[in-house]
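Asks:
In the UniProt record's numbering, the protein residues as written are 1 to 367.
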């Protein structure tokens, strides 16, 4: 992690640029493409985490520069943040999306704490005020913003808002964030989880009711694991969540793991039929995080075995010829798609790394 991935992903695409790379080619060359704001926010989180773990590279300078650029160029007059920058750092797509705002809040939590910049918490409060002003839906949750077509409404940005709220509460102890976290947990339990199977549904009507179509039966096992991990964090704070985690994990492990390849697959239906048998990298990290968090709570051997299996599955995605980049998609035939290595994956890898190290303090820290 610190010998290869951190140096590579901390290097800007253009000399002196503030932004982190969006992606690398399989030849290890940074792609001069548009840079999505949520990927920049994720990278800032990752390098703040690397700094806390002892990496002696220029994480603080890079994170401060990236944060300053994201605010100066990415913030719109109405308080929302844009969707994309050009490779040179200018605005490429000024539309605002719910998913992007959730990750901006998440970034402010970690950067504000790690970089010791409390003004970033003010930026978080200002952004959330804009979301409440324009996107709060009286029927539940928040509207999609200006990019995603609606309907359907998605659970996924609400999940990342849940994650951001937990991070902001941990960083500030401001009860507004604790209230938002419990609101998102309740929304998930009431609206997003199929009561018959315990599976997490992906898509909904404008009123957050279940879609009366096959689309309304789509389940991503990786998101089941990711919500489960967040509910485990809620449980650890004494706010409940273990039972919800149990149900989500039970479905995902029963229906969403390909035992032949040893990986969590992309999509199934609530009836257990497979919709998309390929397996992206990120569900493997969420499978690992959920197992580690559950082992911490229960101490059960089955969770430790599951964590080991998830780690083995994840390890397959790292390019043996260049450990600083990874493959993103494992095909049903067991081969990898020869695509660019997306920077969006570093956040998932870092989260799982931090979670794993929580069981083994000192192991894997930079020396």
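Yeah, the Cβ is synthetic: ideal placement off N, Cα and C, and Gly gets one too.
Could you pull out every residue in the same chain whose Cβ sits closer than 7 Å to the Cβ of residue 39, ignoring the five residues on either side in sequence?
Replies: So the qualifying residues of the chain are 22, 343, 344.
Asks: Tell whether a beta-carbon distance below 9 Å holds between residue 250 and residue 299.
Replies: No, these two residues do not count as a Cβ contact at 9 Å.
Asks: On the criterion of 16 or more Cβ atoms from any shown chain inside 10 Å, does residue 302 qualify as buried, or is it exposed?
Replies: Burial call: exposed.
Asks: Take the Cβ of residue 74 as the centre, count every other Cβ of all protein chains shown within 10 Å, and call the residue buried at 16 or more, exposed below.
Replies: Counting Cβ neighbours within 10 Å, residue 74 comes out buried, since at least 16 surround it.
Asks: Given 8 Å as the limit, is there contact between the segment 67 to 86 and the segment 47 to 56, that is, 3 or more CB pairs closer than that?
Replies: As far as the Cβ criterion goes, the segment 67 to 86 does not touch the segment 47 to 56, which means the pair count is below three.
Asks: By the DSSP assignment, the alpha helix (DSSP H) with residue 82 in it spans what residues?
Replies: Segment: none, residue 82 is in no alpha helix (DSSP H) and carries neither H nor E.
Asks: In chain order, what residues of the same chain have a beta carbon less than 7 Å from the beta carbon of residue 189, not counting five sequence neighbours either side?
Replies: Result list for residue 189: 244, in chain order.
Asks: Could you spell out where the beta strand (DSSP E) holding residue 274 opens and where it closes?
Replies: From DSSP, the beta strand (DSSP E) with residue 274 extends over 274 to 276.
Asks: Answer with buried or exposed for residue 359, where buried requires no fewer than 16 other C-beta atoms within 10 angstroms of its C-beta.
Replies: With fewer than 16 other Cβ atoms within 10 Å, it is exposed.
Asks: Does DSSP classify residue 13 as helix, strand or coil?
Replies: Correct three-state label for residue 13: coil.
Asks: Going by beta-carbon coordinates alone, are residue 48 and residue 115 separated by less than 9 Å?
Replies: Yes.
Asks: What does the alpha-carbon distance come out to for the pair residue 33 and residue 177?
Replies: Spanning the two alpha carbons is a distance of roughly 35 Å.
Asks: Does DSSP put residue 53 in a helix, a strand or coil?
Replies: Three-state DSSP puts residue 53 in coil, outside helix and strand.
Asks: Near residue 136, which residues of its chain fall below 7 Å by C-beta distance, leaving aside the five closest residues on each side in sequence?
Replies: Around residue 136: 142.
Asks: Looking at C-alpha atoms only, which residue of 91, 346, 60, 271 is the closest neighbour of residue 72?
Replies: Out of 91, 346, 60, 271, 91 has the C-alpha closest to the C-alpha of residue 72.
Asks: Closest to residue 293 by CA distance: which of 110, 235, 104, 138 is it?
Replies: For the residues 110, 235, 104, 138, the minimum Cα distance to residue 293 belongs to 235.
Asks: In terms of alpha-carbon separation, which member of 221, 220, 222, 201 lies closest to residue 213?
Replies: Checked all of 221, 220, 222, 201; the closest Cα to residue 213 is 201.
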